[in-house]
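Q: Below are the structure tokens for one structure; questions will follow.
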């Protein structure tokens, strides 16, 4: 075959491949909150392989940990860590429950249900375009994960919500620092209401607080908690602390809130396994 | 057949590398682009078409790991894989220093292309991990010349 024809054949294949990719990208853009069928298929194919590889290496790691490295102490430590994790979550949820329920009997009934509603999970991936946007966790539809379930860090601070179950064992969590997230919040002292939005850079902005709000009603360093008015996040979950309040020419104050969850230590998180519809049905 | 087994081993090695390192910390993936090394190694050996097809496959795998939009890394790798095959036909890229610059330029080109595509599709500020991602071509190129040198040595000893 003459060289120019051969080169043209090569270019044709390259152009075909480029078109294939453009077609692939166009199938997924604009990227909505739900994963496309294509994404789900790819995840379903590769997830078992990835989980297999991870389990293999985890197994090797566990042999070392369990048999050569103070076996009993290690076990006790793990159990205690797990217990602390559950207790912190329970403590946080109970504090919220106390604000909502007046009778002791109701609290006791809810006490039993709380423990069952916590599902520990691990962060296994980040959004490459912006780390403060979303994370992938190792729990999926098989574990009963549903959209809008609330996600907390190991200290019970708000991290975000489930926006999509990508596969049987993976789900995407929208972080509160995502600029597309919106949470109904108020300040802990005077209950000044606002909508908390992420700035996409690791912090949040408390929007729609009127510029006429007096300084004694809202101040820097004050805690911000969920109000429950958005009917996704239950009342009273700790969100962050007001870092800066500034007034400019607009109708609303410019309020920067620093989230309580620390992005660097976001290894273990807790999913509240209660459908928001059930949480807010009463 | 033997070539396909070698390619499969290369992809599998990159897959294992990504799986393990993403487990240790997803931030590690900012520094290395192992799939690109697999693509460039075989593109130099087999030519531009093989490079572009392998680039497409490896790019999709990388998109799987990054949980991003499928096709973005695929497109960048397809084009850079093609270029790797094409350039290596025109000039000898085997000497270590030339090989280093060849890898560095192609990896930088691929990174720029990927970033441009991402910014175009999702108009948000691309997180560069505080600029750490800019070291990716340099670190990967270093890793590349060492691994390519070793692979060629093994191959030479074998035949």
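Residue numbers (my numbering), protein chains in the order written: chain A, 510 to 791; chain B, 166 to 324. Just so you know, even glycine gets a beta-carbon here, dropped at the ideal spot from N, CA and C. None of these values were measured; they are calculated from a predicted model.
For the alpha helix (DSSP H) holding residue 213 (chain B), just list the boundary residues, first then last.
A: Element bounds for residue 213 (chain B): 213-231.
Q: Check distances from the C-beta atoms of the region 205-236 of chain B to those of chain A and list, in chain order, the residues that come in under 9 Å.
A: 212, 213, 214, 217, 218, 220, 221, 224, 225, 226, 228, 229, 230, 231, 232, 233, 234, 235, 236
Q: Give the range of the beta strand (DSSP E) segment to which residue 274 (chain B) is assigned.
A: Per DSSP, residue 274 (chain B) lies in no beta strand (DSSP E) segment; the continuous alpha helix (DSSP H) that holds it begins and ends at 261-286.
Q: Classify residue 743 (chain A): buried if its beta carbon has 16 or more other beta carbons within 10 angstroms, exposed otherwise.
A: buried
Q: What residues from chain B crowd round residue 566 (chain A), counting only those whose CB sits closer than 7 Å?
A: Within chain B, the residues near residue 566 (chain A) are 185.
Q: In this structure, does DSSP put residue 196 (chain B) in helix, strand or coil?
A: coil
Q: Measure from the C-beta of residue 562 (chain A) to each C-beta in chain B and report whether the shortest distance is under 8 Å.
A: yes
Q: Since residue 244 (chain B) is in the alpha helix (DSSP H), which residue starts that stretch and which ends it?
A: 237-255
Q: Using a Cβ-Cβ cut-off of 6 Å (strictly less than) and excluding sequence neighbours within five positions of residue 200 (chain B), which residues of its own chain qualify?
A: 179, 223, 227
Q: Quick test of your reading: residue 628 (chain A) and residue 648 (chain A), contact by CB under 8 Å. State the CB separation rounded to the nearest angstrom.
A: About 6 Å separates the beta carbon of residue 628 (chain A) from that of residue 648 (chain A), a gap short enough to meet the 8 Å contact definition.
Q: At least one CB of chain B closer than 8 Å to the CB of residue 524 (chain A): is that the case?
A: no
Q: Since residue 683 (chain A) sits in a beta bridge, which residues does DSSP pair it with?
A: A:643, A:670
Q: If you pair each beta-carbon of the region 714-734 of chain A with each one of the region 679-687 of chain A, do three or more pairs fall below 8 Å?
A: no
Q: Please list, in chain order, all residues of the same chain as residue 182 (chain B) whose beta carbon is under 6 Å from its beta carbon, the five residues on each side excluded.
A: 199
Q: From residue 659 (chain A) to residue 782 (chain A), what distance separates their C-alpha atoms?
A: 8 Å
Q: Per the contact definition of three or more C-beta pairs closer than 8 Å, is the region 595-602 of chain A in contact with the region 564-572 of chain A?
A: No, the region 564-572 of chain A is not in contact with the region 595-602 of chain A.
Q: Hey, does residue 173 (chain B) have any beta-carbon neighbour from chain A nearer than 8 Å?
A: no
Q: Any idea which residues DSSP pairs residue 747 (chain A) with across the strands?
A: A:734
Q: Judging by CA-CA distance, which residue of A:572, A:522, A:669 is the nearest neighbour of residue 643 (chain A)?
A: A:669
Q: Report the rounded CA-to-CA distance for residue 778 (chain A) versus residue 661 (chain A), giving the unit in angstroms.
A: 6 Å
Q: Please report the distance separating the alpha-carbon of residue 241 (chain B) from that of residue 741 (chain A).
A: 39 Å
Q: Taking Cβ positions, are residue 163 (chain B) and residue 268 (chain B) nearer each other than 8 Å?
A: The structure shown has nothing for residue 163 (chain B), since chain B only spans 166 to 324.
Q: Compare the C-beta of residue 760 (chain A) with all C-beta atoms of chain B and state if any pair is closer than 8 Å.
A: no
Q: For the region 526-537 of chain A, which residues have a CB atom closer than 9 Å to at least one CB atom of chain B, in sequence order?
A: Sequence-ordered contacts of the region 526-537 of chain A with chain B read 526, 527, 529, 530, 531, 532, 533, 534, 535, 536, 537 [C-beta pairs closer than 9 Å].
Q: Can a CB atom of chain B be found closer than 8 Å to the CB of residue 649 (chain A)?
A: no
Q: So residue 217 (chain B) and residue 184 (chain B) are in contact, right, with Cβ under 8 Å, and what is the actual spacing, rounded?
A: Not confirmed; about 25 Å, so no contact.
Q: List, in order along the chain, the chain B residues whose C-beta lies closer than 8 Å to that of residue 737 (chain A)?
A: What residue 737 (chain A) touches in chain B: nothing, since even the nearest Cβ is about 30 Å away.
Q: Label residue 762 (chain A) either buried or exposed according to how many other C-beta atoms from any shown protein chain fall within 10 Å of its C-beta, with 16 as the threshold for buried.
A: Buried: at least 16 other Cβ atoms inside 10 Å.
Q: Quick one: Cα of residue 220 (chain B) to Cα of residue 307 (chain B), how far?
A: Approximately 20 Å, taken between the alpha carbons.
Q: Identify the contact partners of residue 519 (chain A) in chain B, using a Cβ-Cβ distance below 7 Å as the criterion.
A: Chain-ordered, the chain B residues with CB closer than 7 Å to the CB of residue 519 (chain A) read 213, 214.
Q: Within the 8 Å Cβ cut-off, does residue 239 (chain B) reach chain A?
A: yes
Q: Between which two residues does the beta strand (DSSP E) containing residue 705 (chain A) stretch?
A: 702-707
Q: Opposite residue 210 (chain B) in the DSSP bridges: which residues?
A: None, per the DSSP bridge assignment.
Q: Could you work out which residues of chain A lie near residue 181 (chain B), taking near to mean beta carbons separated by less than 7 Å?
A: 562
Q: Look up residue 308 (chain B) in the DSSP assignment and say whether it is helix, strand or coil.
A: helix
Q: Give me whichever residues DSSP pairs with residue 562 (chain A) in a beta bridge.
A: Residue 562 (chain A) pairs with nothing; no bridge assigned.
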